[in-house]
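First to last, the sequence lines map onto chains A and B.
For the first sequence, full-length UniProt numbering gives the first residue as 1, with consecutive numbering after it.
For the second sequence, full-length UniProt numbering gives the first residue as 1, with consecutive numbering after it.
The block underneath contains the structure these notes are about, expressed in structure tokens.
Protein chains: 2
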Amino acid sequence: MANTSPAIEDYLKTIHAHTEWQPEPITPSVLATRLAVAPSSVTEMVKKLAAQGLVTHQPYGAIRLTDAGLSRALGVVRRHRLVETWLVSDMGYGWDAVHDEAEVLEHAISDRLLEAIDAHLGRPARDPHGDPIPQADGSIVSVPTVLLSEAPAGHAGTVVRISDRDPQLLRRLAACGIRPGVLVTLSGDTLDGPDGTAVELDADGREAIWLTT
Amino acid sequence: MANTSPAIEDYLKTIHAHTEWQPEPITPSVLATRLAVAPSSVTEMVKKLAAQGLVTHQPYGAIRLTDAGLSRALGVVRRHRLVETWLVSDMGYGWDAVHDEAEVLEHAISDRLLEAIDAHLGRPARDPHGDPIPQADGSIVSVPTVLLSEAPAGHAGTVVRISDRDPQLLRRLAACGIRPGVLVTLSGDTLDGPDGTAVELDADGREAIWLTT
DNA sequence: GCTCGGATTTAGGGATACCGAAATACCCGC
DNA sequence: GCGGGTATTTCGGTATCCCTAAATCCGAGC
């Protein structure tokens, strides 16, 4: 039953991504939107995942990963984030440009190559966006963070994580020097960086950046 | 018409590999054996390739790449060999262990990443087995060679290329220090390397090694 | 409590790429 | 020149993953 495929991995990864930073389980329609497939495709695939014991799902109910499903999902996330880190460290990719390439490679890399890349990079704990890289045993090194949209006015902290969902936002932030590790201060809708740099962020932007508490 | 898929790429690559070192066009049954698929699958896929103008094929006739098909095949070969070279140079793979990994990655790498790897490696002309790496423009740097089974008794030369088809043979040769670039002498069925090393080769082994003339 | 609209599932198909079995074409040896 | 065996193709089917259109469910608001 070690059945897998790029499609299955993408479903598990997307289900996991939804709960990584908030607790509500994902619904079929959200899953369909994120994967850019029709809702009926989700119904079908979720049925298959449930049959393999990777998710729990009652008709018309929410979708939740089982322990087995979570473990598979973390494996995919690990691949994705190590590939991203490798592309930036070794191949000269900008950290705003690695997502699509990693999306494909995460399904193509053997365990052996994954291990070689991990060793080569010195077993990093975070990828270029600040996302934690699950370790081979499934454990995750975490840091306490606040989402920008939930931070109090005037909050100052180090950028820990920036969601890689919107490449355009990533490029805008990269241009202003806002990246993981940089110290910033929130004033209203504007984020002040070092050397007087500042970016104004809309609601989506404030949902995409996490600072240290 | 930029239709492609891993399956199509594998067919084109395999058709090309058959004619790379000898002129006879490949037959459907040989193609089926090399790809480990049923003959009927080959008929079907070849029909599709012919419809896309990538091969010429009359029913019951031989299969030949068109110019368009050759160009696509060379693209796949380039990917494969650059990936092999990268795995050996950067990731600590043995040159006898890279084939299977490259077989998968060759279908997953974007043009942009391919270019980055090529630049990173210093635009190599040959992969770890001595196979020429087609350049981005499709040109190939070639060296005059003799196949061991066609070399006269006592012939001495530098190992230029070793077929990567049989991993066990590759491991045996690696253990004896026989690899591309090494000076050897053929005596009967035995190949003498430097420092008194020697390997006895069967008919298949003598079909897998090329020396300088 | 009922209804209506959005979310979800069911039903019926399509594309890709594979298979085994059965039919057919080809060619070698006599 | 004719078998007969092998190579090749045809035919009907399978598995995966996707789609659209048509039910059906569910819960929010009246």
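All C-beta atoms in this analysis are idealised placements derived from N, C-alpha and C, irrespective of residue type, glycine included.
Q | Contact under 8 Å by Cβ, residue 176(A) with residue 190(A) | A | No.
Q: Taking only beta-carbon positions, decide if residue 104(A) is within less than 8 Å of chain B.
A: At a cut-off of 8 Å, the C-beta of residue 104(A) has a neighbouring C-beta in chain B.
Q | Cβ-based burial, residue 72(A) [other Cβ within 10 Å; buried from 16] | A | Counting Cβ neighbours within 10 Å, residue 72(A) comes out buried, since at least 16 surround it.
Q: Please classify residue 78(A): does DSSP put it in a helix, a strand, or coil?
A: In the structure shown, residue 78(A) sits in a helix (DSSP, three-state: H, G or I).
Q) Who are the neighbours of residue 120(B) on chain A, taking C-beta pairs under 9 Å? A) Here the neighbours are 90, 91 and 92.
Q. Where does the unbroken alpha helix (DSSP H) through residue 205(B) begin, and where does it stop?
A. Looking at the DSSP string, the run of the alpha helix (DSSP H) that includes residue 205(B) is 203 to 206.
Q | Members of the stretch 68 to 82 of chain B near chain A, C-beta cut-off 8 Å | A | Against chain A - using a Cβ distance shorter than 8 Å - the stretch 68 to 82 of chain B contributes no residues.
Q) Counting Cβ pairs, one atom from each stretch, are 3 or more of them under 8 Å apart for the stretch 57 to 70 of chain B and the stretch 124 to 135 of chain B? A) These segments do not touch.
Q: Find out if the Cβ-Cβ distance for the pair residue 141(A), residue 209(A) is shorter than 8 Å.
A: Against a cut-off of 8 Å, the Cβ pair of residue 209(A) and residue 141(A) comes out as no contact.
Q. Pick from 74(A), 78(A), 3(A) and 85(A): whose alpha carbon is nearest that of residue 52(A)?
A. Checking every option, the nearest Cα to that of residue 52(A) belongs to 3(A).
(Q) Quick check on DSSP: helix, strand or coil for residue 128(A)? (A) DSSP places residue 128(A) in coil when its eight states are reduced to three.
Q: Could you tell me how far apart the beta carbons of residue 186(A) and residue 155(A) are, in whole angstroms, since I believe they sit closer than 8 Å?
A: Between residue 155(A) and residue 186(A) the Cβ distance is about 5 Å, and since that is below 8 Å, they are a contact.
Q. So, do the stretch 27 to 35 of chain B and the stretch 162 to 182 of chain A have three or more beta carbon pairs nearer to each other than 8 Å?
A. Between the stretch 27 to 35 of chain B and the stretch 162 to 182 of chain A there are fewer than three inter-stretch CB-CB distances shorter than 8 Å, so the stretches are not counted as touching.
Q.
Quick check: what's the CA-CA separation for residue 220(B) versus residue 14(B)?
A. Examination of residue 220(B) is not possible in this model, given that chain B is present from 1 through 213 alone.
Q. By the 10 Å Cβ neighbour count, where 16 or more other Cβ atoms means buried, how is residue 145(B) classified, buried or exposed?
A. By the beta-carbon neighbour count (other beta carbons within 10 angstroms, threshold 16), residue 145(B) is buried.
**Q.** Members of the stretch 166 to 177 of chain A that neighbour chain B once the beta carbon cut-off is set at 9 Å
**A.** Within the stretch 166 to 177 of chain A, not one residue has a Cβ closer than 9 Å to any Cβ of chain B.
Q. Buried or exposed: which applies to residue 74(B), given that a residue is buried once 16 or more other Cβ atoms fall within 10 Å of its Cβ?
A. In summary, residue 74(B) is buried, with 16 or more beta-carbon neighbours lying within 10 Å of its beta-carbon over all protein chains present.
Q: Would you mind reading off the limits of the beta strand (DSSP E) that contains residue 30(B)?
A: Not the beta strand (DSSP E): residue 30(B) falls in the alpha helix (DSSP H), residues 28 to 35.
Q.
Quick check on residue 108(A) - is its C-beta less than 8 Å from some C-beta in chain B?
A. The C-beta of residue 108(A) comes closer than 8 Å to at least one C-beta of chain B.
Q: With a cut-off of 8 Å on the beta carbons, I'd call residue 96(B) and residue 170(B) a contact; round off their distance for me.
A: Their Cβ separation, rounded to whole angstroms, is 4 Å, which keeps residue 96(B) and residue 170(B) in contact under 8 Å.
Q: On a CA-only basis, which of 26(B), 110(B) and 162(B) is nearest residue 207(B)? Give me that one, please.
A: That would be 162(B), whose Cα lies nearest to the Cα of residue 207(B).
**Q.** Proximity below 8 Å, CB of residue 110(A) to CB of residue 115(B)
**A.** Against a cut-off of 8 Å, the Cβ pair of residue 115(B) and residue 110(A) comes out as no contact.
Q) Quick one: what's residue 184(A) bridged to in DSSP? A) Per DSSP, 157(A).
Q) Name the DSSP beta bridge partners of residue 19(A), please? A) DSSP lists no partner for residue 19(A).
Q: Look at the Cβ atom of residue 212(B), then the Cβ atom of residue 157(B), and state whether they are nearer than 8 Å.
A: In this structure, residue 157(B) lies closer than 8 Å to residue 212(B) by Cβ.
Q) Of all the options 81(A), 48(A) and 88(A), which has the alpha carbon lying nearest to the alpha carbon of residue 7(A)? A) Residue 7(A) has its Cα closest to that of 48(A), out of 81(A), 48(A) and 88(A).
Q. Mind pulling the chain A residues with CB within less than 9 Å of residue 113(B)?
A. Contact of residue 113(B) with chain A by beta-carbon distance below 9 Å involves 87, 91, 93, 101 and 105.
Q) Around the Cβ of residue 79(B), are there at least 16 other Cβ atoms within 10 angstroms (buried) or fewer (exposed)? A) With a threshold of 16 other beta carbon atoms within 10 Å, residue 79(B) meets it and is buried.
Q.
What does DSSP give as the partner residue(s) for residue 192(A) in the beta ladder?
A. Residue 192(A) is bridged to 185(A) and 198(A).
Q. Residue 20(B): buried (16+ other C-beta within 10 angstroms of its C-beta) or exposed?
A. Burial state of residue 20(B) is exposed, judged by a 10 Å Cβ sphere holding fewer than 16 other Cβ atoms.
Q) Grouping DSSP H, G and I as helix and E and B as strand, with all else coil, what is residue 162(A)? A) The three-state secondary structure of residue 162(A), taken from DSSP, is strand.
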